[in-house]
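Asker: Here it is: the structure, laid out below.
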Amino acid sequence: NGVYSNTLKKKNTTGHAYITARFVNEVKNNGTDKAFEKSRLVVQAYNDEGKEISTIFSRRTFLKVVRPLYGIPEAGNHWFRTYHNHHTENLNMDVSTYDPCLLHCSDSKQGFGIIGMQTDDTLIVANDTFAAREEEEIRRAKILCKPREQLTTDNPLKFNGAVVTETAQGITLTQKRTCSHIRPVQDQAADTTNSRGKVRKDATPQEQYIAQRALGAYIASMSQPEASFDLSYAAQATDPQKDDIKALNKRLQWQIDNPERGLRFVELDVQTLRLIAFVDASFANNKDYSSQLGYVIVLADEANNANILHWSSTKCKRITRSVLGSETYALANGFDAAAAIKSTLTQLLHLTEPLPLIVCTDSKSLYECLVKLGTTHEKRLMIDLMCLRQSYERQEITEVRWIDGNSNPADAMTKSKPCHALQELIDTNKLRINVDGWVERSVTTRSPEPKAVRFATLLESPKQ
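Those letters in the sequence shown? Residues 15 to 478, by the working numbering.
In structure tokens:
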């Protein structure tokens, strides 16, 4: 019926924007018995509150952002929710158990499709059937987007700050552009550049330390697992000293000198796939005498061709009193992540049987606790050991292997020294494991239903 606008014109200064708010009076369900008038806020966007706002709006006024633009905090949530609902409702995709941003098409009749989301950007692995349906649904939903690009040997893809390249040897993931923004930490005020190229003037050494460590850790979490421990260790310094800065700069310089260092993914035999989790821990090696936990999860086939899927290097939140305690917590963390990935891969690949999950540790005491029903004096560990042992008995963990420490790639997640096993795995995509102990057992199918527990009945005392 009418349009009412409140417009505030301001100077185009840094950090400020024009404010426009337009209310539209419209009739909903026109021509029906349930018709009603409704006012709708069409456009409303501003960055910083100015003094002039108080002259337009009264105190305690709530402003709702209906159509967010770039620069407003709620914009990311709006675009993600809109785009995520489009995939789940219009494309009938299911959310994976590992990450809500990873979706897959469960109905094979609608094509094979896997989508990874980053706010409003998507990376798609699909066949022609699903690709055509996805493009049609985008057009039907009237979502404005750029033309879709396809990965070829001549056309690499950029996604989430990384470059995906196809070669004759496989698909590689690198972050050369992000590595170019890394600068060694100076002992005086200096300018820094973030991953988006924004320059920060006169940053103090402590501010440089925080910014450069975060930038290096972002790269390490995406494509350079060799740098994970040093950057995780650097995060524990709340007041960095000269030795901390020197150690961090050594790792940052390695990333600067190796911008093309990344991960390569080779083709695997789907019929013989297996998921392998390597775990390791270092006892009381941090400055506060806490332990460092780490794991590397690999997808491999019978020919030992392998692709790295996930890795982690974190400080143990609990104080451990023995090497066995640290190794137990590392195995618990690695198994949690591997179990989620196992469930997700079973869904994505439409497998009729779950993937075999193999856990590898270089701790003989932990290995014997699991396969030989051993015990420990630290009773706090028994809960984690019983959970792991139960998963092993139910064959959720297919096999537990005791391996040589020199062939454990997870060793790089807990120590600063170079790990030849991880380096060889990244360079060749081949697994070479020296197994010292394992248990051979037949594969049995167990019912997921828990068995009913029978309790003994109390005997009635004889009557006098």
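Note that beta-carbon positions come from the ideal geometry of N, C-alpha and C, so glycine has one too. Being a predicted model, the structure only gives us computed values, none of them experimental.
Tell me the residue span of the alpha helix (DSSP H) that contains C10.
Answerer: Any answer about residue 10 is impossible in this case: the structure gives the chain only from 15 up to 478.
Asker: Please tell me whether Q189 and Q132 are closer than 9 angstroms, where the distance is taken between their beta carbons.
Answerer: On the sequence shown, residue 189 is found 175 positions in, with the first residue counted as 1. On the sequence shown, residue 132 is found 118 positions in, with the first residue counted as 1. In this structure, Q132 does not lie closer than 9 angstroms to Q189 by Cβ.
Asker: Where does I397 land, buried or exposed, given buried means 16+ other C-beta within 10 angstroms?
Answerer: To locate residue 397, count along the sequence shown from 1; it is residue 383. The residue is exposed, with fewer than 16 neighbouring Cβ atoms inside 10 Å.
Asker: Along the chain, where does the alpha helix (DSSP H) that runs through L345 open and close?
Answerer: For the purposes of this step, residue 345 is taken as residue 331 along the sequence shown, with counting starting at 1. Note, L345: alpha helix (DSSP H), 337-362.
Asker: Tell me whether W268 sits in a helix, a strand or coil according to DSSP, three-state version.
Answerer: Start at 1 with the first residue of the sequence shown, and residue 268 comes out as number 254. W268: helix per DSSP, three-state reduction.
Asker: Could you please give me the residues that DSSP links to D135 through a beta bridge?
Answerer: One-based indexing of the sequence shown puts residue 135 at position 121. Looking at the DSSP assignment, D135 forms a beta bridge with Q132.
Asker: Could you check the C-alpha separation between V57 and Y112 for me, to the nearest Å?
Answerer: Within the sequence shown, residue 57 is the residue found at index 43, counting from 1. Within the sequence shown, residue 112 is the residue found at index 98, counting from 1. Residue placement at V57 is poorly supported in this model, since its pLDDT is 44, which falls under 50; the coordinates still yield a value, given next. V57 and Y112: Cα-Cα distance of roughly 37 angstroms.
Asker: I need the straight-line Cα distance from C159 to I152, nearest angstrom please.
Answerer: Against the sequence shown, residue 159 aligns to sequence position 145. Against the sequence shown, residue 152 aligns to sequence position 138. About 8 angstroms.
Asker: Just to confirm my understanding: we take Q409, look at its own chain, exclude 5 residues before and 5 after, and list those with CB closer than 6 angstroms. What are they?
Answerer: Walking along the sequence shown from the start, residue 409 turns up at place 395. Excluding residues within five positions, none has a Cβ falling inside 6 angstroms.
Asker: Within the same chain, show all residues whose beta-carbon is closer than 6 angstroms to that of T136, passing over the 5 residues directly before and after it, in chain order.
Answerer: Locating residue 136 in the sequence shown gives position 122, where the first residue counts as 1. Only I129 meet the Cβ criterion.
Asker: What's the gap between the Cα of P161 and the Cα of K172?
Answerer: Here residue 161 refers to the residue found at position 147 when the sequence shown is read from its first residue. Here residue 172 refers to the residue found at position 158 when the sequence shown is read from its first residue. Each residue's alpha carbon lies about 14 angstroms from the other.
Asker: What three-state label does DSSP hand L395 in the structure shown?
Answerer: As a position in the sequence shown, residue 395 is number 381, starting the count at 1. Three-state DSSP puts L395 in a helix.
Asker: From A346, S110, D350, N106, pick the residue whose C-alpha is nearest to that of K123; which is it?
Answerer: Numbered from its first residue, the sequence shown carries residue 123 at position 109. Ranking A346, S110, D350, N106 by Cα distance to K123 puts N106 first.
Asker: Please report how far the alpha carbon of L362 lies from the alpha carbon of Y223, in whole angstroms.
Answerer: Locating residue 362 in the sequence shown gives position 348, where the first residue counts as 1. Locating residue 223 in the sequence shown gives position 209, where the first residue counts as 1. Going from the Cα of L362 to the Cα of Y223 covers about 40 angstroms.
Asker: Take Q478 and list the residues in its own chain whose beta-carbon comes closer than 7 angstroms to its own, dropping the five residues that flank it on each side.
Answerer: As a working mapping, residue 478 is identified with position 464 in the sequence shown. Any reading at Q478 is ruled out, since the residue's pLDDT is 46, under 50, leaving its predicted position unreliable.
Asker: Using C-beta distances below 7 angstroms, list every residue in its chain close to L345, excluding the 5 sequence neighbours before and after it, in chain order.
Answerer: Sequence index remark: in the sequence shown, residue 345 carries index 331 (1-based). The residues are V293, V373, T375, L380, L402.
Asker: Check this for me: beta carbons of L277 and T186, under 9 angstroms apart or not?
Answerer: As a working note, residue 277 is residue 263 in the sequence shown. As a working note, residue 186 is residue 172 in the sequence shown. Result yes, Cβ atoms of L277 and T186 sit closer than 9 angstroms.
Asker: Leaving aside the five residues before and after K256 along the sequence, list all residues of the same chain whose C-beta is less than 8 angstroms from its C-beta, in chain order.
Answerer: Translated into the one-based positions of the sequence shown, residue 256 becomes position 242. Excluding residues within five positions, the ones whose Cβ falls inside 8 angstroms are D201.
Asker: Under 8 angstroms, with one C-beta from each stretch per pair, do the segment 424-438 and the segment 290-306 reach the 3-pair mark?
Answerer: Yes, the segment 424-438 touches the segment 290-306.
Asker: For T328, which residues does DSSP report across the bridge?
Answerer: Taking the first residue of the sequence shown as 1, we reach residue 328 at position 314. For T328, which the question treats as bridged, DSSP gives the partners L307.
Asker: Can you name, in chain order, every residue of its own chain whose Cβ lies under 7 angstroms from the Cβ of Q198, other than the five neighbours on each side?
Answerer: Indexing the sequence shown from 1 puts residue 198 at position 184. Looking at the sequence shown, residue 198 is not Gln but Pro. Within the same chain, P198 has close Cβ partners N263, L266, Q267.
Asker: What residues in its chain sit with their C-beta under 6 angstroms from that of F94, if we drop five residues either side in the sequence?
Answerer: Start at 1 with the first residue of the sequence shown, and residue 94 comes out as number 80. Same-chain partners within the cutoff: T133.
Asker: For A203 versus T218, is the C-beta spacing smaller than 9 angstroms?
Answerer: The residue labelled residue 203 in the question sits at position 189 within the sequence shown. The residue labelled residue 218 in the question sits at position 204 within the sequence shown. Yes. Within cutoff.
Asker: Which of helix, strand or coil does DSSP assign to S53?
Answerer: Within the sequence shown, numbered from 1, the residue matching residue 53 stands at position 39. Reliability fails at S53, whose pLDDT of 46 lies under 50, so the model's placement of it is uncertain and the value that follows must be treated cautiously. S53: strand per DSSP, three-state reduction.
Asker: Roughly how far, in whole angstroms, is the beta-carbon of V312 from the beta-carbon of I333, given that I think they are within contact range, below 8 angstroms?
Answerer: For the purposes of this step, residue 312 is taken as the residue at position 298 of the sequence shown. For the purposes of this step, residue 333 is taken as the residue at position 319 of the sequence shown. Contact flag wrong, Cβ pair sits at about 30 angstroms.
Asker: Would you decide whether H98 is buried or exposed? Buried here means 16 or more other CB atoms lie within 10 Å of its CB.
Answerer: Walking along the sequence shown from the start, residue 98 turns up at place 84. With 16 or more other Cβ atoms within 10 Å, it is buried.
Asker: In three-state terms, what does DSSP make of W93?
Answerer: The sequence position of residue 93 within the sequence shown is 79, counting from 1. In this structure, W93 counts as helix in the three-state DSSP scheme.
Asker: Looking at the structure shown, is I372 part of a helix, part of a strand, or coil, going by DSSP?
Answerer: As a position in the sequence shown, residue 372 is number 358, starting the count at 1. Strand at I372.
Asker: Would you please state the rounded distance, in angstroms, between the beta carbons of D526 and W416? I believe it to be under 8 angstroms.
Answerer: Any answer about residue 526 is impossible in this case: the structure gives the chain only from 15 up to 478.
Asker: Opposite T186 in the DSSP bridges: which residues?
Answerer: Within the sequence shown, the letter at position 172 stands for residue 186. According to DSSP, which records beta bridges pairwise, T186 is partnered with T179, R278.
Asker: Considering only the beta carbon of each residue, do R154 and V177 sit closer than 9 angstroms?
Answerer: Taking the sequence shown and counting its residues from 1, one reaches residue 154 at position 140. Taking the sequence shown and counting its residues from 1, one reaches residue 177 at position 163. No, the pair does not count as a contact, with Cβ atoms beyond the cut-off.
Asker: Just the C-alpha distance for L359 and L287, rounded to the nearest angstrom, thanks.
Answerer: Indexing the sequence shown from 1 puts residue 359 at position 345. Indexing the sequence shown from 1 puts residue 287 at position 273. The alpha-carbon atoms of L359 and L287 are separated by roughly 10 angstroms.
Asker: Which same chain residues end up closer than 7 angstroms to I279 when comparing Cβ atoms and leaving out the 5 residues on each side of it in sequence?
Answerer: One-based indexing of the sequence shown puts residue 279 at position 265. One point to set straight first is that residue 279 is Phe, not Ile, in the sequence displayed. Around F279: G184, I185, N321.
Asker: What do you reckon, are the CB atoms on I233 and A225 nearer than 9 angstroms?
Answerer: Along the sequence shown, read from residue 1 onward, the residue named residue 233 stands at position 219. Along the sequence shown, read from residue 1 onward, the residue named residue 225 stands at position 211. Against a cut-off of 9 angstroms, the Cβ pair of A225 and I233 comes out as no contact.
Asker: In whole angstroms, what separates the C-alpha of E281 from that of L445?
Answerer: If you number the sequence shown from 1, residue 281 lands on position 267. If you number the sequence shown from 1, residue 445 lands on position 431. Taking the straight line from one Cα to the other gives about 14 angstroms.
Asker: What are the residues that DSSP puts in a beta bridge with V109?
Answerer: Along the sequence shown, read from residue 1 onward, the residue named residue 109 stands at position 95. Answer by DSSP bridge pairing, in chain order: L117.
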